[in-house]
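**Q** First to last, the protein sequences are chains A and B.
Quick note: the first sequence, position 15, residue 15 per this note's numbering, numbers continuous.
Quick note: the second sequence, position 190, residue 190 per this note's numbering, numbers continuous.
Protein chains: 2
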Amino acid sequence: MSILDKLTAIQHHHQSRLCVGLDTDITKIPNHLRDSDKGLLKFNLGIIEATAAHASAYKFNFAFYEQYGKRGMKVLRKSLEAVPKGIITIADAKRGDIGNTSTAYAKAVFEDMNFDAITVSPYMGRDSVEPFLQYEDKLVFVLALTSNPGSTDFQHIISDKKPLYRHVIEKSMTWEGKSALGFVVGATHPKELGEIREYAPTNVFLIPGIGSQGGDIAATMQANGSGPAIVNVSRGIIYASTGHDFQEKAQQLTIYFQKEIGM
Amino acid sequence: MSILDKLTAIQHHHQSRLCVGLDTDITKIPNHLRDSDKGLLKFNLGIIEATAAHASAYKFNFAFYEQYGKRGMKVLRKSLEAVPKGIITIADAKRGDIGNTSTAYAKAVFEDMNFDAITVSPYMGRDSVEPFLQYEDKLVFVLALTSNPGSTDFQHIISDKKPLYRHVIEKSMTWEGKSALGFVVGATHPKELGEIREYAPTNVFLIPGIGSQGGDIAATMQANGSGPAIVNVSRGIIYASTGHDFQEKAQQLTIYFQKEIGM
């Protein structure tokens, strides 16, 4: 099954375009799990169990696991194994390096860890992204217009009457590969997201910025129209409660976001 | 000792501005080490032993270790421990994400692994880079003009009569932090490197692109002038021989590059 068919299938089956972002931080998980050696893993398994029926994807931001060293990477691998088959797994690693190095990163994420998708940074250009695009049945999200405050520093720089992020999108659409090409487009810029949809109508958008980052869900989904999208919420779901009811509260918020985002 | 004093001290002590890049790849190391479970580590320890007296830094490109999963990360940590005290260690990880995530990456590299320096990608702007700059006595290399073919795709885009990499350099110099701010400027663009030196005269440049990538050493060092610089060679040194003489050959090439680069 192609990765796009897999995405469509799970989104219809779960009636959800929501992605739950597992930005797991020892200082924010429930108190009773903080002191346990297995607390991080128990937290992730608990969140996955409580939310899987309402999600179409899980996004693992590598930073949160790398900060705990070997222990963190073990939690990442074990959590990844716990994601039910059919749900899309996204390595939010924002990788990108010279050609032979990007090849090694792609191998790490797509072969060693077997993720369905990855986020990559475009700053180094074609040979830094193409190694990721060589994999069949994978989804590669190029950073275009991100959701953070610093996105205005360089991504909006105008050249030839177009912002940098538009150059990134248009140029990357000319690159060769077998993977599906998607873009990271933040919910904090709904107007620009709508404009991007016009010149990238069929690419999958990974949309962060809902929840803690304050993006407007209705405006974002209207701007996106019928284009394929995965909408991520991390902190706004997983840290709903620091008590023993963390699964229940996370599930309630997952259902809330699933409905608000709609199909 | 400040990180810049540490850099100056080792460069004078070893009379070297050379950085050896440990881009360790199982398919390229000597034949007799390929089949051994500890081959990757033995190779790195052998290279470090043979080259340390002539190097001022070691650069670990994370991709090469991540591609081997847990085993690779263990090799990275053990190799890092083997670098003699006083020599600068660079995490070539090209990280960068929204603020709270970059904080986690900084923690991984500067606290958990205790590297002296890191490379970061500027595409996401200020809040993606500042968390790295919060550390005292660390060196943060922002990607400016990279050495790879794809560097021309976006880094040379002109806005307001300046290329994107100049916007990156000028803006990042206004960001706050306690670390030393450096830039990655490839040896494959000596003319531009000389121009960058004019508006960034005292920042440390991490200069890749010598060796396999074909950068001209004399032109590069002339363009750099007296500015602080660390010049990296990876494949051009470490894969000098696939035989039992790999240490000897790597040492010969290290001395060759040390002299060509000069002080």
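Just so you know, even glycine gets a beta-carbon here, dropped at the ideal spot from N, CA and C.
Are any of the Cβ atoms in chain B nearer than 8 angstroms to that of MET124(A)?
**A** For MET124(A), the answer is yes, since a Cβ of chain B falls inside 8 angstroms of its Cβ.
**Q** Any idea which residues DSSP pairs THR89(A) with across the strands?
**A** According to DSSP, which records beta bridges pairwise, THR89(A) is partnered with TYR58(A).
**Q** Between MET124(B) and ASP97(B), how many whole angstroms is the CB-CB distance? I'm expecting something under 8 angstroms.
**A** Going by Cβ atoms, the distance from MET124(B) to ASP97(B) rounds to 7 angstroms, so yes, they are a contact pair.
**Q** On the DSSP bridge list, what partners appear for VAL185(A)?
**A** Partner(s): LEU145(A).
**Q** Should ASP245(B) go down as buried or exposed, given a rule of 16 or more other Cβ atoms within 10 Å for buried?
**A** When all chains shown are included, ASP245(B) counts as exposed.
**Q** So with Cβ pairs under 8 angstroms, would you call ASN148(B) a contact of chain A?
**A** For ASN148(B), the answer is yes, since a Cβ of chain A falls inside 8 angstroms of its Cβ.
**Q** Residues of chain D with a CB under 9 angstroms from the CB of VAL168(A): which are they?
**A** Protein chains in the displayed structure are A and B, and chain D is not among them.
**Q** Can you grab the Cα-Cα spacing for the pair ASP37(B) / GLU66(B), in whole Å?
**A** Each residue's Cα considered, the two are about 16 angstroms apart.
**Q** Alpha helix (DSSP H) containing VAL129(B): first to last residue?
**A** Here the alpha helix (DSSP H) through VAL129(B) covers 126-133.
**Q** Once you ignore the five residues that flank ILE10(B) on each side, which residues in its own chain have a CB closer than 7 angstroms to its CB?
**A** Correct list, in chain order: SER56, GLY86, ILE87 and ILE88.
**Q** For ASN224(A), I'd like the list of residues in its chain whose CB is within less than 8 angstroms of its CB, leaving aside the five on either flank, ordered along the chain.
**A** Once the five neighbours on either side are set aside, the close Cβ partners of ASN224(A) are LEU193, GLY194, ARG197, PHE205 and ILE207.
**Q** Here's a check: name, in chain order, each residue in its chain whose Cβ is nearer than 8 angstroms to the Cβ of ASP127(B), leaving out the five neighbours to either side.
**A** Correct list, in chain order: ILE98, GLY99 and SER102.
**Q** To test your reading of the DSSP string, which unbroken beta strand (DSSP E) runs of 3 or more residues are found completely within the stretch 170-254 of chain B?
**A** List check, beta strand (DSSP E) in window: 180-185, 204-207 and 229-233.
**Q** According to DSSP, simplified to helix, strand and coil, what is VAL109(B)?
**A** Helix, per DSSP.
**Q** Enumerate in chain order the residues of its own chain whose CB-to-CB distance from PRO190(A) is below 7 angstroms, with the five nearest sequence positions on each side excluded.
**A** Closer than 7 angstroms at the Cβ level, and outside the excluded window around PRO190(A), lie ASP216, ALA219, THR220 and ALA223.
**Q** For the stretch 31-47 of chain A against the stretch 233-248 of chain A, are there 3 or more C-beta pairs whose distance is under 8 angstroms?
**A** Touching, yes, given that three or more Cβ pairs across the two stretches are closer than 8 angstroms.
**Q** With a cut-off of 8 angstroms, does the C-beta of ASN114(A) fall near any C-beta of chain B?
**A** No, its Cβ sits nowhere closer than 8 angstroms to a Cβ of chain B.
**Q** With 8 angstroms set as the bound, which would you pick, yes or no: does the beta-carbon of THR101(A) sit closer than that to a beta-carbon of chain B?
**A** So yes, THR101(A) belongs to the interface.
**Q** Going by DSSP, which residues form a beta bridge with ARG95(B)?
**A** VAL120(B), per the DSSP bridge assignment.
**Q** Give the residues from the stretch 163-191 of chain B that approach chain A closer than 8 angstroms (Cβ to any Cβ), ordered along the chain.
**A** From the stretch 163-191 of chain B, only LEU164, HIS167, VAL168 and LYS171 have a Cβ closer than 8 angstroms to chain A.
**Q** Pair every Cβ in the stretch 13-26 of chain B with every Cβ in the stretch 228-238 of chain A, then say whether three or more of these pairs are closer than 8 angstroms.
**A** They do not touch, by the three-pair rule.
**Q** From the beta carbon of PHE64(A), is the nearest beta carbon of chain B less than 8 angstroms away?
**A** Taking Cβ atoms only, chain B reaches closer than 8 angstroms to PHE64(A), which makes this a yes.
**Q** Could you tell me whether the Cβ of LEU40(B) comes closer than 8 angstroms to any Cβ of chain A?
**A** No, because no Cβ of chain A sits closer than 8 angstroms to the Cβ of LEU40(B).
**Q** Assuming LEU76(B) is part of the alpha helix (DSSP H), what are its boundary residues?
**A** Counting along the chain, the alpha helix (DSSP H) containing LEU76(B) begins and ends at 69-82.
**Q** What are the boundary residues of the alpha helix (DSSP H) that GLY39(A) is part of?
**A** Per DSSP, GLY39(A) belongs to the alpha helix (DSSP H) from 39-51.
**Q** Around the Cβ of THR188(B), are there at least 16 other Cβ atoms within 10 angstroms (buried) or fewer (exposed)?
**A** Buried, since its Cβ has 16 or more Cβ neighbours within 10 Å.
**Q** For TYR58(B), decide whether its Cβ has a neighbour in chain A, counting only Cβ atoms nearer than 8 angstroms.
**A** With 8 angstroms as the cut-off, TYR58(B) does not count as an interface residue toward chain A.
**Q** Give the secondary structure of LYS28(B) by DSSP, where H, G and I count as helix, E and B as strand, and everything else as coil.
**A** LYS28(B): coil per DSSP, three-state reduction.
**Q** Measure from the C-beta of LYS28(B) to each C-beta in chain A and report whether the shortest distance is under 8 angstroms.
**A** No, because no Cβ of chain A sits closer than 8 angstroms to the Cβ of LYS28(B).
**Q** Would you report the Cα separation of PRO163(B) and SER121(B), rounded to the nearest angstrom?
**A** So the alpha carbons of these two residues sit roughly 16 angstroms apart.
**Q** Under 8 angstroms, Cβ to Cβ, is there at least one residue of chain B near LEU145(A)?
**A** Taking Cβ atoms only, chain B never reaches closer than 8 angstroms to LEU145(A), which makes this a no.
**Q** Quick check on ASN232(A) - is its C-beta less than 8 angstroms from some C-beta in chain B?
**A** No, ASN232(A) does not count as interfacial toward chain B.
**Q** Identify, in the order they occur along the chain, each residue of the same chain with its Cβ nearer than 8 angstroms to the Cβ of ILE157(A), setting aside the five sequence neighbours on each side.
**A** Cβ within range, chain order: PRO163 and LEU164.
**Q** Residues of chain A with a CB under 7 angstroms from the CB of ASP127(B): which are they?
**A** Residues of chain A passing the Cβ test: ASN148, PRO149 and GLY150.
**Q** With distances taken between CB atoms, is the gap from ILE90(B) to LYS59(B) smaller than 8 angstroms?
**A** Yes, the Cβ-Cβ distance between ILE90(B) and LYS59(B) is below 8 angstroms.
**Q** Determine, for LYS94(A), whether the minimum Cβ-Cβ distance to residues of chain B falls below 8 angstroms.
**A** For LYS94(A), the answer is yes, since a Cβ of chain B falls inside 8 angstroms of its Cβ.
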